[in-house]
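Note that the UniProt record's numbering numbers the sequence shown so that position 103 is 103, with each residue one more than the last.
For glycine and all other residues, C-beta sits at the position ideal for the given N, C-alpha and C.
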Amino acid sequence: MTQSLPTNLSFVTLHTPDYPRAKAFLVDVLRFTPTEERPGANAFVSENGAGLALRENLDVQSPLGQGVTIFFTVPDLQTYYAQVVEGGAQIVEPIHDMPFGATFTLATPDGHWLGFWQGET
1 MTQSLPTNLS FVTLHTPDYP RAKAFLVDVL RFTPTEERPG ANAFVSENGA
51 GLALRENLDV QSPLGQGVTI FFTVPDLQTY YAQVVEGGAQ IVEPIHDMPF
101 GATFTLATPD GHWLGFWQGE T
């Protein structure tokens with residue numbers, strides 16, 4: 001098989017001017033569990049090694065992440081969708097079918113777009 005990327009994506013860092021609010025959203029609404037914490041920064045790393053980091057950066061301004069959607073797989077899309085809606089997430093695209101499966105997209109309080117699709121985690 002031909003390698004399409006000469007590297008592996010290790011992690012993505014979201015920068016935020018309001019670290020406490022952004023962290024609360026990821027933990028309380030999206031139910032992400034921090035795997036590493038230090039002042040002004042967090043990491044959320046899955047068992048397979050993929051990671052999302054959150055870092056305080058007072059020089060950035062909302063809305064952030066324009067033109068980029070970061071996708072995550074979840075084992076039960078309908079249940080997860082109901083949980084994040086109940087938690088107050090701003091839904092950008094409700095559940096809809098794509099060639100790779102059902103998906104939805106939300107915006108973080110800073111404006112980053114996060115997509116979720118049903119698949120094996």
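{"Query": "Which of the three DSSP states is assigned to arginine 21 in this structure?", "Result": "helix"}
{"Query": "Determine contact between the segment 97-111 and the segment 18-27, defined as no fewer than three beta-carbon pairs at a distance below 8 Å.", "Result": "yes"}
{"Query": "Does DSSP put glutamate 56 in a helix, in a strand, or in coil?", "Result": "strand"}
{"Query": "What is the residue span of the alpha helix (DSSP H) that threonine 35 lies within?", "Result": "No alpha helix (DSSP H) contains threonine 35, which DSSP labels as neither H nor E."}
{"Query": "Are the segment 90-99 and the segment 47-55 in contact at 8 Å, needing three or more beta carbon pairs?", "Result": "no"}
{"Query": "For lysine 77, report the span of its alpha helix (DSSP H) as first-last.", "Result": "At residue 77 the sequence reads leucine, which differs from the lysine that was named. Here the alpha helix (DSSP H) through leucine 77 covers 77-86."}
{"Query": "Is the Cβ of isoleucine 95 closer than 9 Å to any Cβ of chain B?", "Result": "In summary, chain B is missing from the structure at hand, where a single protein chain is found."}
{"Query": "Rounded to the nearest angstrom, what separates valine 84 and threonine 35 at their Cα positions?", "Result": "21 Å"}
{"Query": "Measuring only the C-alpha atoms, how far is valine 68 from aspartate 76?", "Result": "24 Å"}
{"Query": "Rounded to the nearest angstrom, what separates glutamine 61 and glycine 88 at their Cα positions?", "Result": "22 Å"}
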